[in-house]
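For the sequence shown, the working numbering begins at 379 and goes up steadily by one.
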Amino acid sequence: MRIGTLIVGAVAALLPLTSLAAVVTPNDIIPRPAQVSVVKGVFRLPSQATYFIKGDGSTLANYLSDEKEKFTPAQKASKADLLFEITGGKGENYTLEITPKQVKIKAPTAAGAFYGLQTLLQMAELPGSDGIACGKVSDAPRFPYRGMMVDVSRHFRSPEFLKKQIDAMAKMKLNRMHLHLTDAAGWRMEIDKYPRLTEFAAWRPEAKWQDWADNGAKYCESTRPGAYGGFYTKQQMRDLVKYAADRNITIIPEIEVPGHSKEVTSAYPELSCSGKPYVDEDLCIGKEKTFEFLEDVLTEVMDVFPSAHIHIGGDEASKRGWRDCPDCKARMEKEGLKNVDELQSYAIHRVEEFVNSKGRDIIGWDEILEGGLAPNATVMSWRGTEGGLKSIAAGHDVIMTPGEFCYIDYCQDAPFKEPISIGGYTPLKKVYSYEPLDSSISADKAHHLLGVQANLWAEYIPTDEHAEYMYYPRTMAIAEIGWSTPEKNYDDFLRRALSLTERLDSLGYNAFDLKNEFGERKESLAPVRHKAIGKKVTYNKKWADPYPGTQEATLVDGVRGGWTYGGNKRWQGFFSDFDVVLDMGEVTPLNSIAIDFMQAPGAWVHLPEKVEFELSDNGVDFTPLETVWSEVDPYYPKILMKDYVVTPAPDTKARYIRIKANRIKRPDGSACLFTDEIIVN
Ligand code: ACM
Ligand code: ZN
């Protein structure tokens, strides 16, 4: 069967699906199925296919009936185009037997049968499909959790938008939609006991997130003309839960505790340390009222969402107000808590206990590790994988969403051609390269790795179209990592992603134009030769600890950075002005000296206003050579790189070159500098 897979894969690679009509095989779809064998013969799915279900398949029947323009029940199993056999048991696995007359889809559960059908539908509907190759498929997911996060706080999305994304998720066999329902930018779920959450905390005067943040991040009454925002009624949420469940997708609601809660403390200031609106980002942990609120809210949330897991956030609490709050201090004293980390941990434990008492478990971002992990918590590892790996070693379940690979709010192509984003560069290939089963995970703990998830934070993503642009095709890579065996072949994945992206386009999704991807920064693709390679650099101001690059070697190693400062250590970051001295080793003729800096304002990275070049023969007395000024608007919002170049007069020579660059002063705090190479010729 493996040989069949390889041969068909190789032939298909020569025949891009879209260029001519072709018979599609299971090796053309995403996610790649586990075992495939292809024989002679073709099955063509009729535009009105008949089906027969043997066994308990109520969610599958609901789905087929929702799609009644495509499917009709058959009177007899032998007459059906599609024969489903649901045998009972557990699992999302399935087998397909494809013959010219009928496809038999066998699975223990309706979920497995649904996935068998999705495999078949993708083959029938990919662009250029001229039928489905006969043969067999035997398939099962690698991980039980395959997620996609939708941030509906920063920008509210309609239930119709969510259903449309559920449809796309189902095609890719993703099975968890994580809804980030609450954050400072707006509360999105109707809560009967706390009406101000949706009368007030769900609305803001400015539509654009940045304008809202710059204008003091205020809320407004829902009735105010032009109020921007929205919320889901319980009925809408219940309807969504059912729609998702019929497509084997569980909605996981996230209610942020105790940070990212300014909308709550502004609507209900009595839940904050200061007792005043617009002061605290965090809930007060000292006040009992906070826990009454959380229990009330979570009770209503669990009433609407039947998911086994409830996400309670836990990330990025500032903990600022807690240090001086009499209630928080009294709580710490009474409970014997040594610091504010333990106070946060107390809050998470308490919320967990409540959620557990209702028969559910919590998920929290990896900060919930700080101050002691709650006993039954599942950790969502986002600040790299370290927190996740530590939690797995301690016997906790983990969902991996490391920012470097799974944060798809980062740019997916050359930033100059992309919409404004929060920064970074995470193209499809990078997402696809992620392998969650780290070699440090022991075999007896591997079952704690539940799976993977793509996260799309929406600060800079105002429209539905833009959100789809960011999701597709990158969630296809997450789907393949979550479902398929870990062997990788990017060229083959890309071929399949191009087809599925075109299919989504034809259905009205606004996917990224993968065909015309520009790719990585050209300067970073090959080493650059110059006279300063390997020379000594002395730092009058040291690099920032989190961004050392390769320390003293970074700026003279002949390798340029790519579109992001994250990841490969080619860029070096500074939380101060920049001031280094390059020692050429001997007095050296200088034709040109260049240094480049990065601009990425979403990540507080700005070009220097000016770069000063000075020369010396003794390393002590420097003579100014030239100051190069930037002509770029320091708040130009997109990522770009700029070279600051001097070409000294003919016959200029020196042994030492000093380069100084200043950081701009942002009104809201300190900018940082990033550079990757000093090029001397
Ligand atoms: C996060 O990105 N703050 C979870
Ligand atoms: Zn407090």
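Note that the Cβ used here is the ideal one computed from N, Cα and C, for glycine as well.
Does the ligand ACM have a heavy atom nearer than 7 angstroms to the CB of residue i?
i: Asp-870; result: no
i: Asp-660; result: no
i: Glu-694; result: yes
i: Trp-760; result: yes
i: Trp-949; result: no
i: Trp-743; result: yes
Evaluate residue i with the Cβ neighbour count: other Cβ atoms within 10 Å of its Cβ, from every protein chain shown; 16 or more gives buried, anything less gives exposed.
i: Phe-794; result: exposed
i: Pro-573; result: exposed
i: Asp-822; result: exposed
i: Thr-841; result: exposed
i: Leu-933; result: buried
i: Glu-846; result: buried
i: Ser-817; result: exposed
i: Trp-743; result: buried
i: Leu-494; result: Reading the sequence as shown, one finds Gly at residue 494 and not Leu. Per the 10 Å Cβ criterion, buried.
i: Leu-721; result: buried
i: Gly-469; result: exposed
i: Lys-1043; result: exposed
i: Pro-424; result: exposed
i: Leu-557; result: buried
i: Gly-490; result: buried
i: Glu-764; result: exposed
i: Lys-457; result: exposed
i: Arg-566; result: buried
i: Glu-463; result: buried
i: Pro-864; result: exposed
i: Pro-684; result: exposed
i: Gly-1007; result: For clarity, residue 1007 is Trp in the given sequence; the question names Gly instead. Under this definition Trp-1007 is an exposed residue.
i: Thr-560; result: buried
On the DSSP bridge list, what partners appear for residue i?
i: Pro-631; result: Leu-557
i: Glu-992; result: Pro-1002, Arg-1036
i: Cys-789; result: Tyr-803
i: Ser-347; result: Residue 347 lies beyond the residue range present for the chain, which begins at 379 and ends at 1059; the question has no answer from this structure.
i: Arg-899; result: For Arg-899, which the question treats as bridged, DSSP gives no partner whatsoever.
i: Pro-967; result: Lys-1031
i: Ala-832; result: Met-526
i: Leu-715; result: Leu-715 pairs with nothing; no bridge assigned.
i: Asp-739; result: His-687
i: Val-1058; result: Ile-971
i: Val-959; result: Thr-916, Arg-1036
i: Met-758; result: Trp-743, Ile-777
i: Thr-841; result: None, per the DSSP bridge assignment.
i: Trp-581; result: Gly-607
i: Lys-1043; result: Ser-1048
Using C-beta distances below 7 angstroms, list every residue in its chain close to residue i, excluding the 5 sequence neighbours before and after it, in chain order.
i: Ala-824; result: Leu-815
i: Pro-522; result: Leu-828, Gly-829
i: Glu-992; result: Phe-1000, Thr-1001, Pro-1002, Leu-1003, Arg-1036
i: Ser-644; result: Ala-579, Tyr-597, Pro-655, Tyr-656
i: Ile-770; result: Val-776, Ile-819, Lys-823, His-826, Leu-827
i: Glu-731; result: none
i: Val-718; result: Lys-697, Trp-700, Arg-701
Among the residues of its own chain, which have a CB less than 6 angstroms from the CB of residue i, if the five just before and after it don't count?
i: Lys-448; result: none
i: Asn-888; result: Glu-843, Glu-846, Tyr-847
i: Leu-676; result: none
i: Glu-901; result: Arg-938
i: Leu-583; result: Correcting the residue identity first, residue 583 is Pro in this sequence and not Leu. So the list reads Cys-598, once near-sequence residues are dropped.
i: Ile-741; result: His-687, His-689, Thr-756, Met-758
i: Thr-1030; result: Leu-968
Is any heavy atom of the ligand ZN found at a distance shorter than 7 angstroms from the C-beta of residue i?
i: Ile-726; result: no
i: Gly-699; result: yes
i: Ile-663; result: yes
i: Asp-705; result: yes
i: Cys-651; result: yes
Quick one: what's got a C-beta closer than 8 angstroms to residue i's C-beta in the same chain, skipping five residues either side?
i: Asp-674; result: Ile-569, Lys-571, Tyr-572
i: Pro-478; result: Gly-419, Val-420, Phe-421, Cys-512
i: Ser-1048; result: Phe-953, Trp-982, Arg-1041
Beta strand (DSSP E) runs wholly inside the segment 417-468, at least 3 long, in chain order: Fully enclosed beta strand (DSSP E) runs of no fewer than 3 residues occupy 427-432, 449-451, 460-464 of the segment 417-468, in order along the chain.
Quick one: which unbroken alpha helix (DSSP H) runs of 4-plus residues sit fully inside the segment 480-510? Chain order, please. Taking only runs of at least 4 residues, the alpha helix (DSSP H) segments lying wholly in the segment 480-510 are 488-503.
Note down, one range per segment and in chain order, each alpha helix (DSSP H) of at least 4 residues found wholly within the segment 602-676. Entirely contained in the segment 602-676, the alpha helix (DSSP H) runs reaching 4 residues are, in chain order, 612-623, 640-645.
If we require 3 or more residues per run, which beta strand (DSSP E) segments fall completely within the segment 909-947? 914-917, all fully within the segment 909-947.
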